[in-house]
Amino acid sequence: MDGTEFYYKRRGMGLTQEELAVQLGVNERTVRRWEKNDFTIPEGVTQDLNELYTSFGERVLSSVDLLLEQFESVHDGAGQSRDDPDGRPVVEIATFKTPESHELAHPGESWTQHKALVSAIGMVLAGEGFSVRFTSVTEQ
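All residue numbers for the sequence shown refer to the numbering used here, where the first residue is -13 and numbers rise by one.
Listed below in structure tokens is the structure:
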């Protein structure tokens, strides 16, 4: 893995260099150097990053599955589905409006990773033909 791939995987998961450094047990400066291709990324680090990336993707897909199950249970096919002007069914995703509200609900979890997760879920749903609406919540 080169620094460019490393960078895009980190960013895709919504992690800062500092957050990823903590997860990998290295200095933030080391992450920065890997991304600039100043240092070769050790195989063990590549494997760890790939596992984090896979885990993030699995979390996205399990969240999509859960939202679709909820959607189907609410919209039983009896014409109760809300559609957008183009006729696509609308799925609403609740998200936190501020880092503080997110921290209340999910102590210790990354705010930037939450935003990346919500964005990825929205993209998958849009790719499946849904119109996605994001609803901000300020508290748990």
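Beta carbons: idealized from backbone N, C-alpha and C, even for Gly.
Please specify which runs of the beta strand (DSSP E), each continuous and at least 3 residues long, are wholly inside the segment 67 to 112, giving them in chain order.
-> Secondary structure within the segment 67 to 112: the beta strand (DSSP E) runs of 3 or more consecutive residues, fully enclosed, are 76 to 82 (chain order).
Take residue -10 as the anchor and find which of 30, 1, 23, 89 has the nearest alpha-carbon.
-> Position 4 of the sequence shown, counted from the first residue, corresponds to residue -10. Of the candidates 30, 1, 23, 89, the one whose C-alpha sits nearest the C-alpha of residue -10 is 23.
Just the C-alpha distance for residue 112 and residue 4, rounded to the nearest angstrom, thanks.
-> Here residue 112 refers to the residue found at position 126 when the sequence shown is read from its first residue. Here residue 4 refers to the residue found at position 18 when the sequence shown is read from its first residue. Residue 112 and residue 4 have their alpha carbons spaced roughly 31 Å apart.
List the residues that DSSP assigns as beta-bridge partners of residue 122.
-> In the sequence shown, residue 122 corresponds to position 136, counting from 1. Answer is 81, bridged to residue 122.
Pull up the distance between the alpha-carbon of residue 121 and that of residue 83, whole angstroms please.
-> On the sequence shown, position 135 is the one that residue 121 refers to. On the sequence shown, position 97 is the one that residue 83 refers to. Rounded to whole angstroms, the separation of the alpha carbons of residue 83 and residue 121 is 9 Å.
State the beta-bridge partners of residue 117 as determined by DSSP.
-> Here residue 117 corresponds to residue number 131 of the sequence shown, with the count starting at 1. When DSSP reads this structure, residue 117 sits in a beta bridge with 76.
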